[in-house]
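Following: one structure in C-alpha cells, then a few remarks.
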Amino acid sequence: MKSADLLKRAQFLMPGGVNSPVRSFSAVGLTPPFIAYGGGSRIFDADGREYVDYVCSWGPLILGHAHPTAVEAVERAARDGLSFGAPTEREVEMAELITSALPSMEMIRMVNSGTEAVLSALRLARGCTGRPYIVKFSGCYHGHSDSMLVEAGSGLATAGTPNSAGILPAIASATLVARYNDPDSVRELFAAKGAEIAAVIVEPIAANMGLVPPEPDFLPFLRRVADEYGALLIFDEVISGFRVAYGGAQTLYGVRPDLTVLGKIIGGGLPVGAYGGRRELMRQVAPLGPVYQAGTLAGNPVAMAAGLATLKILQGDPAVYARLEEKGRILAGALRQAAADNGRRVTVHQIGSLLTLFFTPGPVAGYADARQSDTALFARFFESLLARGVYIAPSQFEALFISAAHTDADLRLTIAAAEAAMRELDAPRSGTAD
Ligand code: KE4
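The structure is reproduced here in C-alpha cells:
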C-alpha cells in the first residue's frame, strides 16, 4: 500500500513521519493515509481512496480544495515572481480588505503562521504595557511559541502532556492559566497580579479542546476586566476569523479586542498569519516603534494571491455564512439523533461550519469537561468513519470544518456513515483503517 510505504520512509526522516504532530493519527491509534490530491469537498489518498474531508487543512479551505479562482490567482502571481522581500500591491490590498472586514484592526502586520502572529502580538502587548504576565485559558491553543505551551489544548492536550519539554520555567511562569467560561478564575488572577498583566489572550470561540462556545457574558466580561486593570484583550481568531462570520467572532459577539490574531482562511491554504489592532499599539512595531518583528516571506505575493482570492469570494457572497450554518445544523442534528438511536449520551456543539461531537454527556463548558470525553470511543467512531470515506480530525479535541463545497450528497453520505459508526461502536476493532 502506497501510504504504508510512504509512512515508513517518512518516519525514518521526520519525527512521527509528519510535519505537525496531530497528523500522525497517534491520538486515534491508526496510521494516516497520505493524501495525493483534493478537489472541492473531497480528498484522495495515495492508494486512490476517496474521502469527504472535514479537516480542510485545519480550517483554511472554507471554499474547499483547489478552488479554481484561488488556484488561478496563485498561478498568475507565481508567473510574476515567487517572492521579492519588498513591498507589493497585493499586501496593500490584503491590509485594506482585512481592516475593513474587522474594524478593530486599524493597522495590521502580515506574518507566516498563526504561531508567529500570536508570539508577535504577545511581544507587542508586553512592549506596549511594560508588564510581564499573559493570561491564557486551559484548553485553548495559540500555536507553539514558548509562552503559549503552558497547558495548551489541541495537539498537546491530545498527547496528554499539559506543557512541552524545552520550555524555560521562567518563561512558563509568566503565563497565567485561567479556565474558559469561568470568570471567577480570571478575577482570581487579576486580583493577584492585575497591575502586572499585559494581556489576556483567548479564542473567542474555543476550538482546540473541541468546539466550546463562549457563554453569553464571558467575552464582554473579559473586555470589562481587561479595561479595569489596564490590560490588553487579544482575540485569537486564527480559526474563527472569516470562518463564523465575515467579521469573525468579534463581529458575531460584538466585543472589540485591542489586538486580533488571524491565520488559516486569510492564506486560502498558503502559509499566512497576521496580527493587528489599535493604531497606537501597532505604531509601536518596527520600523516605527521599539517592538521588533520581521520575516523573510511575510506578505509573500503568491500567498497573498491565494488569500485575496478566498476573501474576495467570501466578501462577494455574504449568504455563504447562512449556507454554512445550515449545513452545520443539519450535520449536528443528525449526529445527535444517531447517538440517541444507539443509546449513546454525547454532546454536540455547532457554530456555523464548526462542529464537535464529544463522547461525554456534558455539559462541556471548558477543558475539564471536555477531558471527560471517552477518547477510546472517539477513536472507534473515527476509524469507522474513515473506513466509510469520511475524514474528520483525528482527535476528540478538534473541530470539524465544513466548506462551501460540501454538498447535500456529501452530508447524506456522512450521516449514513455516522449512523453505521454509532451502531458498530461496540463491535471488536479491526486494528487499522488501512
Ligand atoms: P499555526 O502556527 O498552526 O498556523 O497556528 C497556530 C494556531 C493559533 N491559534 C489557533 C486558535 C489555532 O487553532 C492554531 C492552530 N490550529 C491547529 C489545529 N487546531 C493547527 C493544526 C496543527 O497543529 O497541525
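Take the sequence shown: its letters are residues 19 to 452, numbered as in the working numbering. Note that beta-carbon positions come from the ideal geometry of N, C-alpha and C, so glycine has one too.
Worksheet item: With distances taken from CA atoms, which of Val-290, Gly-317, Ile-215, Pro-39 is nearest Pro-78?
Response: For the purposes of this step, residue 78 is taken as residue 60 along the sequence shown, with counting starting at 1. Taking only the C-alpha atoms, the option nearest Pro-78 is Val-290.
Practice prompt. Would you mind sorting Val-110 into buried or exposed? The rule is 16 or more other CB atoms within 10 Å of its CB.
Written response: Your numbering for residue 110 matches position 92 in the sequence shown. Exposed.
Item to complete: Could you have a look at Ser-182 and say whether DSSP puts it in helix, strand or coil?
Response: Taking the sequence shown and counting its residues from 1, one reaches residue 182 at position 164. Note: Ser-182 maps to coil in three-state DSSP.
Practice prompt. Consider the C-beta atom of Ile-257 and the heavy atoms of the ligand ZN; say whether any pair is separated by less than 7 Å.
Written response: The ligand ZN is not part of the structure shown, which contains the ligand KE4 as its ligands.
Discussion item. Please determine whether the Cβ atom of Ser-203 lies at a distance below 7 Å from any heavy atom of the ligand KE4.
Written reply: Along the sequence shown, one-based indexing puts residue 203 at 185. Flag unset: Cβ of Ser-203 not near the ligand KE4.
Worksheet item: Which residues in the same chain have their Cβ closer than 6 Å to the Cβ of Ser-203, if we skip the five residues on either side of it in sequence?
Response: Position 185 of the sequence shown, counted from the first residue, corresponds to residue 203. Ala-196, Arg-197.
Worksheet item: Would you report the Cα separation of Ile-223 and Arg-274, rounded to the nearest angstrom?
Response: For the purposes of this step, residue 223 is taken as the residue at position 205 of the sequence shown. For the purposes of this step, residue 274 is taken as the residue at position 256 of the sequence shown. Taking the straight line from one Cα to the other gives about 14 Å.
Practice prompt. Return the residue from the list Ala-427, Val-303, Leu-395 that minimises the CA-CA distance to Leu-443.
Written response: Looking up residue 443 in the sequence shown gives position 425. Cα-wise, what sits closest to Leu-443 is Leu-395.
Practice prompt. Express the C-alpha separation of Leu-288 and His-162 in angstroms, rounding to a whole number.
Written response: Sequence index remark: in the sequence shown, residue 162 carries index 144 (1-based). Sequence index remark: in the sequence shown, residue 288 carries index 270 (1-based). So the two alpha carbons sit approximately 19 Å from each other.
Worksheet item: How many Å lie between Glu-169 and Leu-207 at the Cα?
Response: For the purposes of this step, residue 169 is taken as residue 151 along the sequence shown, with counting starting at 1. For the purposes of this step, residue 207 is taken as residue 189 along the sequence shown, with counting starting at 1. Glu-169 and Leu-207 have their alpha carbons spaced roughly 16 Å apart.
Worksheet item: Near Asn-199, what residues of its chain come up, given a Cβ to Cβ distance below 8 Å and the 5 sequence neighbours on each side ignored?
Response: Reading the sequence shown from its first residue, position 181 is the one you call residue 199. Contacts found: Val-230, Pro-232, Glu-233, Phe-236, Ala-383, Gly-384.
Practice prompt. Please state whether DSSP places Gly-266 in a helix, a strand or coil.
Written response: If you number the sequence shown from 1, residue 266 lands on position 248. Three-state DSSP puts Gly-266 in a helix.
Discussion item. I'd like the list of long-range same chain contacts for Tyr-264, defined as Cβ closer than 8 Å, with 5 residues on each side in sequence excluded.
Written reply: Residue numbering aside, residue 264 sits at position 246 when the sequence shown is read from its first letter. Excluding positions up to five away in sequence, the list reads Ala-119, Leu-332, Gln-333, Pro-336, Tyr-339.
Item to complete: Give, in chain order, every unbroken run of the beta strand (DSSP E) that is at least 3 residues long and sits entirely within the region 368-436.
Response: 372-376
Worksheet item: Looking only at C-alpha atoms, which of Leu-418, Ile-410, Gly-325 sits nearest to Phe-260?
Response: As a position in the sequence shown, residue 260 is number 242, starting the count at 1. Answer by Cα proximity: Gly-325.
Discussion item. Quick test of your reading: Ala-91 and Ala-316, contact by CB under 8 Å. State the CB separation rounded to the nearest angstrom.
Written reply: Counted from its first residue, the sequence shown places residue 91 at position 73. Counted from its first residue, the sequence shown places residue 316 at position 298. Their Cβ separation, rounded to whole angstroms, is 19 Å, which puts Ala-91 and Ala-316 out of contact at 8 Å.
Discussion item. Whole angstroms are fine: how far does the CA of Leu-251 sit from the CA of Ala-358?
Written reply: Counted from its first residue, the sequence shown places residue 358 at position 340. Counted from its first residue, the sequence shown places residue 251 at position 233. Their backbone Cα atoms lie some 40 Å apart in a straight line.
Discussion item. For a quick check, are the C-beta atoms of Gly-35 and Leu-25 less than 8 Å apart?
Written reply: Here residue 35 refers to the residue found at position 17 of the sequence shown. Here residue 25 refers to the residue found at position 7 of the sequence shown. The answer is yes: Cβ separation under 8 Å.
Worksheet item: What alpha helix (DSSP H) runs, 4 residues minimum, are completely inside the region 88-125?
Response: Those alpha helix (DSSP H) runs which fall completely within the region 88-125 and span 4+ residues are 107-119.
Worksheet item: Along the chain, where does the beta strand (DSSP E) that runs through Glu-68 open and close?
Response: As a working mapping, residue 68 is identified with position 50 in the sequence shown. Where Glu-68 is concerned, the enclosing beta strand (DSSP E) stretches over 68-71.
Item to complete: Specify the secondary structure class of Val-256 as computed by DSSP and reduced to three states.
Response: Taking the sequence shown and counting its residues from 1, the one referred to as residue 256 is at position 238. In this structure, Val-256 counts as coil in the three-state DSSP scheme.
Worksheet entry | Bridge partners - Gly-58, DSSP secondary structure assignment | Here residue 58 is taken as the residue at index 40 of the sequence shown, counted from 1. DSSP, once it has assigned bridges, lists His-83 as partnering Gly-58.
Worksheet item: Helix or strand or just coil, what does DSSP make of Met-19?
Response: Position 1 of the sequence shown, counted from the first residue, corresponds to residue 19. Three-state DSSP puts Met-19 in coil, outside helix and strand.
Worksheet item: Considering Tyr-247, what are the terminal residues of the alpha helix (DSSP H) in which it resides?
Response: Here residue 247 corresponds to residue number 229 of the sequence shown, with the count starting at 1. Its alpha helix (DSSP H) spans residues 236-247.
Worksheet item: For the ligand KE4, any of its heavy atoms closer than 7 Å to the Cβ of Val-129?
Response: Within the sequence shown, the letter at position 111 stands for residue 129. Outside the cutoff, so no.
Worksheet item: With distances taken between CB atoms, is the gap from Leu-349 to Leu-403 smaller than 8 Å?
Response: Your numbering for residue 349 matches position 331 in the sequence shown. Your numbering for residue 403 matches position 385 in the sequence shown. Cβ atoms of Leu-349 and Leu-403: not closer than 8 Å.
Fill in: Segment limits, alpha helix (DSSP H) that includes Tyr-339
For the purposes of this step, residue 339 is identified with residue 321 of the sequence shown, where counting begins at 1. Run containing Tyr-339: 338-359, per the alpha helix (DSSP H) assignment.
Worksheet item: Is there contact between the region 147-160 and the region 362-370, where contact requires at least three CB pairs shorter than 8 Å?
Response: Segments in contact, no.
Worksheet item: Val-220 lies in the beta strand (DSSP E); which residues open and close that run?
Response: In the sequence shown, counting from the first residue as 1, residue 220 sits at position 202. Following the DSSP letters along the chain, one finds Val-220 inside the beta strand (DSSP E) bounded by residues 215-220.
Discussion item. Distance cutoff 8 Å, beta carbons only. Does Gly-291 sit that close to anything in chain B?
Written reply: Given the protein chain composition of this structure (a single chain), no chain B is represented.
Worksheet item: When the distance is taken between beta carbons, is Ala-88 closer than 8 Å to Ala-327?
Response: By one-based count along the sequence shown, residue 327 stands at place 309. By one-based count along the sequence shown, residue 88 stands at place 70. Against a cut-off of 8 Å, the Cβ pair of Ala-88 and Ala-327 comes out as a contact.
Practice prompt. Check the C-beta distance from Phe-43 over to Pro-379 and give it rounded, since I have them as a contact under 8 Å.
Written response: The residue labelled residue 43 in the question sits at position 25 within the sequence shown. The residue labelled residue 379 in the question sits at position 361 within the sequence shown. Phe-43 to Pro-379, Cβ: 27 Å. No contact.
Worksheet item: Using the rule of at least 16 other Cβ atoms within 10 Å of the residue's Cβ for burial, across every protein chain shown, is Lys-282 buried or exposed?
Response: Here residue 282 refers to the residue found at position 264 of the sequence shown. Counting Cβ neighbours within 10 Å, Lys-282 comes out buried, since at least 16 surround it.
Practice prompt. Examine the ligand KE4 and report whether any of its heavy atoms sits within less than 7 Å of the Cβ of Asp-254.
Written response: Translated into positions along the sequence shown, residue 254 becomes position 236. The answer is yes for Asp-254.
Worksheet item: How should Ala-417 be labelled, buried or exposed, when 16 other C-beta atoms within 10 angstroms of its C-beta is the threshold for buried?
Response: Taking the sequence shown and counting its residues from 1, the one referred to as residue 417 is at position 399. Buried, because 16 or more other Cβ atoms sit within 10 Å of the Cβ of Ala-417.
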